[in-house]
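**Student:**
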Amino acid sequence: MSESYHGQPILKEPTWTWEIPTYFFTGGTAGASAGLAYLSGLRGNEMLARRAWAVSMGAIAVSPAFLISDLGRPARFLNMLRMFKVTSPMSVGSWILTGSASATALAAVNAWTGRFPRAAGVARPAAALFGLPLSTYTAALIANTAVPVWHEARATIPFVFASGAALSAGAATAALTPPASAAPARRLAVGAALAEGIANELMHDRLGEHGEPYKTGAGSRFSHVSRACTVVGAAVMLRRGAASRPAAIAAGALLCAGALSARWSIYKAGFQSAWDPKYVVGPQRAMVARGERAGAARRRSSVSAVRADKGSPATAPVELSGS
Amino acid sequence: MSLETIAWPASYGEDAKPRKGFFTDTSVCIGCKACQVACKEWNHVPMSMYGFTGKSYDNTTQLGADNWRHVAFIEQKLPVDADAGASLVQAAERGAALDAGLATYQEGDGFRWLMASDVCKHCTDAACLDVCPTGALFRTEFGTVVVQEDVCNGCGYCVSACPFGVIDRREDDGRVWKCTLCYDRLKDDKEPACAQACPTNSIQFGDLAELRERAEHRLAQLQRAGLEDAQLYLADEGDGVGGAGAFFLLLDDPEVYGLPPDPVDTRRDLGSIWAAAGAAAVALGAGLAAAVFGGAR
Numbered sequence: 000m001s002e003s004y005h006g007q008p009i010l011k012e013p014t015w016t017w018e019i020p021t022y023f024f025t026g027g028t029a030g031a032s033a034g035l036a037y038l039s040g041l042r043g044n045e046m047l048a049r050r051a052w053a054v055s056m057g058a059i060a061v062s063p064a065f066l067i068s069d070l071g072r073p074a075r076f077l078n079m080l081r082m083f084k085v086t087s088p089m090s091v092g093s094w095i096l097t098g099s100a101s102a103t104a105l106a107a108v109n110a111w112t113g114r115f116p117r118a119a120g121v122a123r124p125a126a127a128l129f130g131l132p133l134s135t136y137t138a139a140l141i142a143n144t145a146v147p148v149w150h151e152a153r154a155t156i157p158f159v160f161a162s163g164a165a166l167s168a169g170a171a172t173a174a175l176t177p178p179a180s181a182a183p184a185r186r187l188a189v190g191a192a193l194a195e196g197i198a199n200e201l202m203h204d205r206l207g208e209h210g211e212p213y214k215t216g217a218g219s220r221f222s223h224v225s226r227a228c229t230v231v232g233a234a235v236m237l238r239r240g241a242a243s244r245p246a247a248i249a250a251g252a253l254l255c256a257g258a259l260s261a262r263w264s265i266y267k268a269g270f271q272s273a274w275d276p277k278y279v280v281g282p283q284r285a286m287v288a289r290g291e292r293a294g295a296a297r298r299r300s301s302v303s304a305v306r307a308d309k310g311s312p313a314t315a316p317v318e319l320s321g322s
Numbered sequence: 000m001s002l003e004t005i006a007w008p009a010s011y012g013e014d015a016k017p018r019k020g021f022f023t024d025t026s027v028c029i030g031c032k033a034c035q036v037a038c039k040e041w042n043h044v045p046m047s048m049y050g051f052t053g054k055s056y057d058n059t060t061q062l063g064a065d066n067w068r069h070v071a072f073i074e075q076k077l078p079v080d081a082d083a084g085a086s087l088v089q090a091a092e093r094g095a096a097l098d099a100g101l102a103t104y105q106e107g108d109g110f111r112w113l114m115a116s117d118v119c120k121h122c123t124d125a126a127c128l129d130v131c132p133t134g135a136l137f138r139t140e141f142g143t144v145v146v147q148e149d150v151c152n153g154c155g156y157c158v159s160a161c162p163f164g165v166i167d168r169r170e171d172d173g174r175v176w177k178c179t180l181c182y183d184r185l186k187d188d189k190e191p192a193c194a195q196a197c198p199t200n201s202i203q204f205g206d207l208a209e210l211r212e213r214a215e216h217r218l219a220q221l222q223r224a225g226l227e228d229a230q231l232y233l234a235d236e237g238d239g240v241g242g243a244g245a246f247f248l249l250l251d252d253p254e255v256y257g258l259p260p261d262p263v264d265t266r267r268d269l270g271s272i273w274a275a276a277g278a279a280a281v282a283l284g285a286g287l288a289a290a291v292f293g294g295a296r
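Chains as they are written, first to last, in numbering that gives the first Met the number 0: chain A, 0 to 322; chain B, 0 to 296.
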């Protein structure tokens with residue numbers, strides 16, 4: 000039982016609203032779909048490639064709208080590109096999204112209309128490459144905060160996001176493509192469902208004492224919904240996805256719901272983790288008590304001889320040096 | 000003692016001023032809240048919650064977009080029986096003091112007030128500044144951390160990055176706000192409004208190097224007077240934020256005042272964070288290739 004100040008939170012809850020976890024989903028879907036589209040094209044599966052480009056285009060088209068709508072000052076969204084700052088995953092991500100969206104738009108237009116063939120030759124691999132960090136930088140973004148349940152999962156969250164991106168990309172593309180041409184998308188969806196389950200378990204396991212927000216409240220509820228949707232969706236996709244288009248659509252929808260809920264689970268757990276001082280103070284105090292860290296407070300003075308004229312506020316009037 | 004930050008003083012060259020800061024000596028705070036009032040008046044900070052919280056005399060409760068100074072009120076009662084955390088020697092001393100009609104705390108009935116004026120720490124390693132994607136947050140020539148309100152687009156990243164929960168978004172305004180260490184007054188060689196208003200010199204403003212030295216003496220003085228739990232908070236480069244521009248002398252553990260005992264600037268882990276994100280991106284690429292090429296077309 001750790002002490003707190005009248006039960007007040009130590010950290011501020013994130014200001015982010017529903018657009019952000021939704022963007023985690025759409026950004027990841029767009030990123031992984033671009034890779035799926037490009038590689039399918041390389042293998043000569045044009046039917047699948049076109050559908051995957053469409054998924055990527057649709058997902059990346061709505062992404063900036065979510066991000067801008069979440070800003071406190073939406074009219075200033077262009078300030079995001081005011082600088083390139085490697086210490087800010089949000090700044091890096093803004094550039095990744097810009098590059099990714101431009102390349103994907105060109106590739107998708109070319110896939111469906113045949114226009115801009117020369118530019119699309121460059122845009123396709125560029126979109127596929129940009130898509131990879133587009134799927135994982137968002138994990139770096141939330142890991143690079145003071146929110147314990149995010150920060151302490153910094154080694155595993157990117158893998159949850161990467162597998163979730165592959166999951167929704169495979170699922171959405173499998174749902175939109177005639178089953179005969181959708182085998183790679185089904186393989187991707189089912190494989191990613193497995194990978195996401197493992198990555199999630201690993202994250203929860205390695206969080207240890209920090210992971211409690213995933214066991215209670217909204218973080219836990221979304222986690223359960225995600226697992227149920229993903230397991231059922233993967234089973235349907237595996238058994239019936241190749242034979243029946245309606246089954247592929249149902250499975251794709253379930254898997255996308257699972258991937259979206261997984262992001263919501265992480266998003267909600269962050270709020271709980273920031274809001275309750277016990278999640279902040281408890282582990283910090285425990286680290287100091289175990290001697291793993293020194294902590295930020297010190298009882299021993301660095302001076303041996305006490306000089307009252309130096310230390311007492313009554314005799315140490317404020318002096319403005321330089322004035 | 001190194002007080003240097005990444006941007007200060009190097010990026011200012013000859014324009015760099017001595018690093019300014021606050022030493023808040025909570026042992027002489029009387030909870031008058033003059034600092035809060037002076038801050039609001041000078042900086043035109045909007046009205047915040049209006050009403051009673053029931054949390055001692057604290058109706059402000061925390062720092063935020065509309066509270067750049069916050070006075071905490073802690074009412075502590077020493078248990079009459081030997082308390083669980085005390086050593087046998089301490090328990091015996093307390094027992095003897097009670098038997099003699101004396102109490103350990105100054106009020107004489109085993110009760111004491113702790114009061115402390117909290118503020119933005121103006122960290123040496125400032126997470127808010129590092130994560131700001133627009134460059135709205137910057138390091139001034141005084142080594143302090145300030146938001147440029149004409150640049151901030153309200154993305155909220157700094158809010159989640161601050162390990163102290165200081166900076167926050169103002170709802171009707173959309174941008175983030177926090178203590179500027181009265182940047183405008185500093186430019187005119189004036190001390191910040193809160194420090195000027197403080198009647199007991201609990202809030203001391205000045206050159207950080209000198210404040211640190213002063214604080215060491217004050218700590219030694221209090222320790223010698225028997226206040227064993229007196230401690231300096233955020234006065235060392237070795238802590239998780241590289242020391243702070245605003246540091247504190249506390250009479251109990253930081254968490255008692257609503258301060259994190261071991262705050263860490265998230266940038267320290269940024270290398271491993273980017274490495275993990277990069278590895279996951281590569282794994283995603285491998286997974287995509289395996290799905291497309293690892294079976295029937």
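Using N, Cα and C, we set each Cβ at its ideal position, and we do this for glycine too.
Quick caveat, the model's predicted, so the values are computed rather than measured.
Which residue marks the beginning of the beta strand (DSSP E) containing leucine 136(B), and which one marks its end?
**Tutor:** Locating residue 136(B) in the second sequence gives position 137, counting from the first residue. 136 to 138 is the span of the beta strand (DSSP E), which, as asked, contains leucine 136(B).
**Student:** Of the choices Val279(A), Ala173(A) and Thr155(A), whose alpha-carbon is the least far from that of proline 212(A)?
**Tutor:** Counted from its first residue, the first sequence places residue 212(A) at position 213. Minimum Cα distance to proline 212(A) is reached at Val279(A).
**Student:** Taking the straight line between their C-alpha atoms, what separation do you get for arginine 111(B) and lysine 76(B)?
**Tutor:** Here residue 111(B) is taken as the residue at index 112 of the second sequence, counted from 1. Here residue 76(B) is taken as the residue at index 77 of the second sequence, counted from 1. Going by the C-alpha atoms only, they are around 6 Å apart.
**Student:** So with Cβ pairs under 7 Å, would you call lysine 32(B) a contact of chain C?
**Tutor:** In the structure shown, chain C does not exist; the protein chains are A and B.
**Student:** According to the neighbour-count rule (16 or more other Cβ atoms, all chains shown, within 10 Å of its Cβ), is phenylalanine 83(A) buried or exposed?
**Tutor:** Start at 1 with the first residue of the first sequence, and residue 83(A) comes out as number 84. Exposed, by the Cβ-count rule.
**Student:** Using beta carbons (cut-off 7 Å, strictly below), is isoleucine 59(A) in contact with chain B?
**Tutor:** Translated into the one-based positions of the first sequence, residue 59(A) becomes position 60. No, isoleucine 59(A) does not count as interfacial toward chain B.
**Student:** What does valine 287(A) reach in chain B if we use C-beta pairs closer than 7 Å?
**Tutor:** Position 288 of the first sequence, counting from 1, holds the residue named residue 287(A). Those are Pro260 and Asp261, listed as they occur along chain B.
**Student:** At least one CB of chain A closer than 7 Å to the CB of aspartate 268(B): is that the case?
**Tutor:** Walking along the second sequence from the start, residue 268(B) turns up at place 269. Output row for aspartate 268(B): interface = yes.
**Student:** Taking Cβ-Cβ distances shorter than 7 Å, what residues in chain B pair up with serine 272(A)?
**Tutor:** For the purposes of this step, residue 272(A) is identified with residue 273 of the first sequence, where counting begins at 1. The contacting residues do not exist; serine 272(A) stays about 10 Å from chain B at best.
**Student:** Does any residue of chain B have a CB that is nearer than 7 Å to the CB of histidine 209(A)?
**Tutor:** Counting from 1 along the first sequence, the entry for residue 209(A) is found at position 210. Taking Cβ atoms only, chain B never reaches closer than 7 Å to histidine 209(A), which makes this a no.
**Student:** Can you tell me whether lysine 214(A) is buried or exposed? The criterion is at least 16 other CB atoms within 10 Å of its CB, across all chains shown.
**Tutor:** By 1-based counting over the first sequence, the position of residue 214(A) is 215. The residue is exposed, with fewer than 16 neighbouring Cβ atoms inside 10 Å.
**Student:** Is it the case that the stretch 124 to 138 of chain B contacts the stretch 83 to 96 of chain A, given that we only count it when at least three CB pairs across the two stretches are under 8 Å?
**Tutor:** The answer is yes - the stretch 124 to 138 of chain B touches the stretch 83 to 96 of chain A, with three or more Cβ pairs under 8 Å.
**Student:** Do you know how far the Cα of threonine 52(B) is from the Cα of methionine 236(A)?
**Tutor:** In the first sequence, the residue the question calls residue 236(A) occupies position 237. In the second sequence, the residue the question calls residue 52(B) occupies position 53. One C-alpha to the other measures close to 54 Å.
**Student:** What number of angstroms, rounded off, separates the C-alpha of alanine 119(A) from the C-alpha of alanine 58(A)?
**Tutor:** Within the first sequence, numbered from 1, the residue matching residue 119(A) stands at position 120. Within the first sequence, numbered from 1, the residue matching residue 58(A) stands at position 59. The straight-line gap from Cα to Cα measures roughly 19 Å.
**Student:** Would you kindly check if the distance between the Cβ of valine 144(B) and the Cβ of alanine 125(B) is under 7 Å?
**Tutor:** Along the second sequence, read from residue 1 onward, the residue named residue 125(B) stands at position 126. Along the second sequence, read from residue 1 onward, the residue named residue 144(B) stands at position 145. Yes, the Cβ-Cβ distance between alanine 125(B) and valine 144(B) is below 7 Å.
**Student:** Look at the Cβ atom of glycine 277(B), then the Cβ atom of glycine 20(B), and state whether they are nearer than 7 Å.
**Tutor:** The sequence position of residue 277(B) within the second sequence is 278, counting from 1. The sequence position of residue 20(B) within the second sequence is 21, counting from 1. The answer is no: Cβ separation not under 7 Å.
**Student:** Classify leucine 319(A): buried if its beta carbon has 16 or more other beta carbons within 10 angstroms, exposed otherwise.
**Tutor:** Within the first sequence, the letter at position 320 stands for residue 319(A). Only weak support is given to the placement of leucine 319(A): the predicted model assigns it a pLDDT of 43, under 50, and the question is left unresolved by the model.
**Student:** Among residues of its own chain, excluding the 5 on either side of alanine 174(A), which ones have a beta-carbon nearer than 7 Å to its beta-carbon?
**Tutor:** Counting from one through the first sequence, the residue named residue 174(A) turns up at place 175. Contacts found: Ala247, Ile248, Gly251 and Ala252.
**Student:** Taking Cβ to Cβ, would you say glycine 257(A) is nearer than 7 Å to serine 225(A)?
**Tutor:** The sequence position of residue 257(A) within the first sequence is 258, counting from 1. The sequence position of residue 225(A) within the first sequence is 226, counting from 1. Yes, these two residues count as a Cβ contact at 7 Å.
**Student:** Taking the continuous alpha helix (DSSP H) assigned at isoleucine 5(B), which residues delimit it?
**Tutor:** The residue you call residue 5(B) lines up with position 6 of the second sequence. No alpha helix (DSSP H) holds isoleucine 5(B); DSSP gives it neither H nor E.
**Student:** Using a Cβ-Cβ cutoff of less than 8 Å, which residues in the same chain neighbour asparagine 58(B) once the five nearest sequence positions on both sides are dropped?
**Tutor:** Working through the second sequence from its first residue, we reach residue 58(B) at position 59. For asparagine 58(B), where only same-chain residues beyond five positions count, the Cβ hits under 8 Å are Met48, Gly50, Phe51 and Thr52.
**Student:** Just tell me which of Lys186(B), Gly286(B) and Pro198(B) has its CA closest to the CA of glycine 190(A).
**Tutor:** Here residue 190(A) corresponds to residue number 191 of the first sequence, with the count starting at 1. The option with the nearest alpha carbon to glycine 190(A) is Gly286(B).
**Student:** Just list the alpha helix (DSSP H) runs in the stretch 184 to 240 of chain A, keeping only unbroken ones of 4 residues or longer that don't cross its boundaries, in chain order.
**Tutor:** Listed in chain order, they are 216 to 239.
**Student:** Suppose the cutoff is 8 Å on Cβ atoms and the five residues either side in sequence are ignored; what does the same chain contact list for leucine 80(A) look like?
**Tutor:** In the first sequence, the residue the question calls residue 80(A) occupies position 81. Only Ser93, Trp94 and Thr97 meet the Cβ criterion.
**Student:** Roughly how many angstroms lie between the CA atoms of tyrosine 11(B) and arginine 267(B), to the nearest whole one?
**Tutor:** Residue mapping note: residue 11(B) aligns to position 12 of the second sequence, counting from 1. Residue mapping note: residue 267(B) aligns to position 268 of the second sequence, counting from 1. So the alpha carbons of these two residues sit roughly 24 Å apart.
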